[in-house]
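In the working numbering, the protein residues as written are 115 to 414. Here a beta-carbon is modelled for each residue, glycine too, at the ideal position from N, C-alpha and C. Here the structure is a predicted model, which means the values were calculated and not measured. Accompanying notes for the structure given below.
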Amino acid sequence: MAHPLSRLLSRRMCQQWTPFQKTPGSVSRALRSPIQKPAGRRAYATGPNPNPGQNPLKIWPFIAITLLGTGSYILMVRSRTDMAPPHEQIAAPKKSTPTFSPADVTVLFVLGGPGAGKGTQCANLVRDYHFTHLSAGDLLRAEQDREGSEFGTLIKEYIRDGKIVPMEVTVQLLENAMTETLEKSQGGKGKFLIDGFPRQMDQALKFEESVCPARFVLFFDCPEQEMQRRLLDRGKTSGRSDDNAESIKKRFKTFVETSMPVVDYFDGQGRVVKVVATKTPEQVYQETKERLEAKLGKNF
Ligand code: UP5
Ligand code: MG
Numbered sequence: 115m116a117h118p119l120s121r122l123l124s125r126r127m128c129q130q131w132t133p134f135q136k137t138p139g140s141v142s143r144a145l146r147s148p149i150q151k152p153a154g155r156r157a158y159a160t161g162p163n164p165n166p167g168q169n170p171l172k173i174w175p176f177i178a179i180t181l182l183g184t185g186s187y188i189l190m191v192r193s194r195t196d197m198a199p200p201h202e203q204i205a206a207p208k209k210s211t212p213t214f215s216p217a218d219v220t221v222l223f224v225l226g227g228p229g230a231g232k233g234t235q236c237a238n239l240v241r242d243y244h245f246t247h248l249s250a251g252d253l254l255r256a257e258q259d260r261e262g263s264e265f266g267t268l269i270k271e272y273i274r275d276g277k278i279v280p281m282e283v284t285v286q287l288l289e290n291a292m293t294e295t296l297e298k299s300q301g302g303k304g305k306f307l308i309d310g311f312p313r314q315m316d317q318a319l320k321f322e323e324s325v326c327p328a329r330f331v332l333f334f335d336c337p338e339q340e341m342q343r344r345l346l347d348r349g350k351t352s353g354r355s356d357d358n359a360e361s362i363k364k365r366f367k368t369f370v371e372t373s374m375p376v377v378d379y380f381d382g383q384g385r386v387v388k389v390v391a392t393k394t395p396e397q398v399y400q401e402t403k404e405r406l407e408a409k410l411g412k413n414f
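In structure tokens, the structure reads:
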């Protein structure tokens, strides 16, 4: 039976893998049966006895012990994988090279705390600079609401609790969306703002290794108090399950403990463009444009 993740593996994506991807995808079910059958029949199983002086019956205890041992090992491995939490059973396709080359595709990660203004500023950049905006949160919410999604309940719980959805799901959704966009552009070069991702180190490493290395991180820096004010205000009308005081508190905790290390990691590589996000949206946008121009040139 196909693994649930295969539903996220769009038909187009499978076709599109060929240019950059070297190894066909494998999913967790495949990982569940790594045990190889014992090598072909042993020489002593058939044919003339090479040591006619020895009694062939003497090897039977040895064979019985080997079979018992192998059987126990298989049972142990199976029980371990069955006990693994769902996200550990969802393994993303293993790839040796990224799907997209940075020569063809520009990726900017857009990070900042909850309510820092990532979505607001991305919309401005899309309008003026023809980026494609992919919000990881929006993609997850759409997948959550998609009829028949195997991950709907899981995503719902993670978002409500401000936790980070297992990366395999998010990386796959992003890759599918990028593929779709590039196919529509018919050979055009892609420019993507990946908003609200990566929020955990393993996501960052996985995306850069298997999807596309990013140019840099655009980081909106905003104090918690201001972000809280904005989110509570938005919560009056947004309908978002995580725009309430309890969820916001959890989102802040996850941001500080798990997502800031990602910003620090890229900063350590000189790959962060920081914008102070406390002023009005227009002022923040002005500073964003200036910073991006300084980094990418006038007509980025
Ligand atoms: N606003 C914006 N700028 C303003 C300004 N300068 N002055 C005054 N007001 C300003 O803005 C938020 C509100 O503030 C709006 O009302 C806006 O008008 C106003 P917005 O632009 O929406 O901010 P943004 O940073 O995008 O806030 P958002 O709530 O979207 O951030 P989150 O990062 O929390 O949300 P996201 O959708 O990315 O993720 C939600 C959840 O999805 C996560 O908590 C997590 O559970 C899950 N998730 C994953 O598990 N993995 C992922 O990779 C991504 C998400
Ligand atoms: Mg947003």
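Delimiting residues of the alpha helix (DSSP H) encompassing residue i
i    : result
G304 : From DSSP, G304 is part of no alpha helix (DSSP H) but of the beta strand (DSSP E) over G304 to D309.
S249 : Where S249 is concerned, there is no enclosing alpha helix (DSSP H), although the beta strand (DSSP E) it sits in stretches over T246 to S249.
F380 : M374 to G382
I273 : G266 to R274
Q286 : M281 to S299
E404 : P395 to L410
A237 : K232 to Y243
As assigned by DSSP and simplified to three states, the class of residue i
i    : result
K367 : helix
K388 : strand
C326 : coil
R343 : helix
K320 : helix
F176 : helix
R354 : coil
I278 : coil
R313 : coil
R260 : coil
S210 : coil
Residues that DSSP places opposite residue i in a beta bridge
i    : result
V219 : G304
L225 : F333
Contact set for residue i: own chain, Cβ-Cβ below 7 Å, skip 5 residues either direction
i    : result
P375 : M315
M341 : G227, P228, G229 and A230
A291 : L248 and L253
T372 : I278, R313 and Q314
L345 : P228, G229, D357 and I362
Contacts around residue i, its chain only, beta-carbon distance under 8 Å, and the 5 residues preceding and following it disregarded
i    : result
T394 : none
L307 : L222, V224, C236, L239, V240, F245, T246, H247, L248 and L332
Contact set for residue i: own chain, Cβ-Cβ below 6 Å, skip 5 residues either direction
i    : result
L296 : G304
V283 : F265
F214 : C326
A318 : P312 and V376
V219 : G304 and C326
Anticipated Cβ contact below 8 Å, residue i with residue j, distance rounded
i    : j    : result
V389 : E407 : The pair is not a contact, with the Cβ atoms about 12 Å apart (cut-off 8 Å).
S324 : K209 : 4 Å
D356 : R274 : 6 Å
K232 : F369 : No, K232 and F369 are not in contact; Cβ-Cβ is about 12 Å, not under 8 Å.
R385 : F330 : 4 Å
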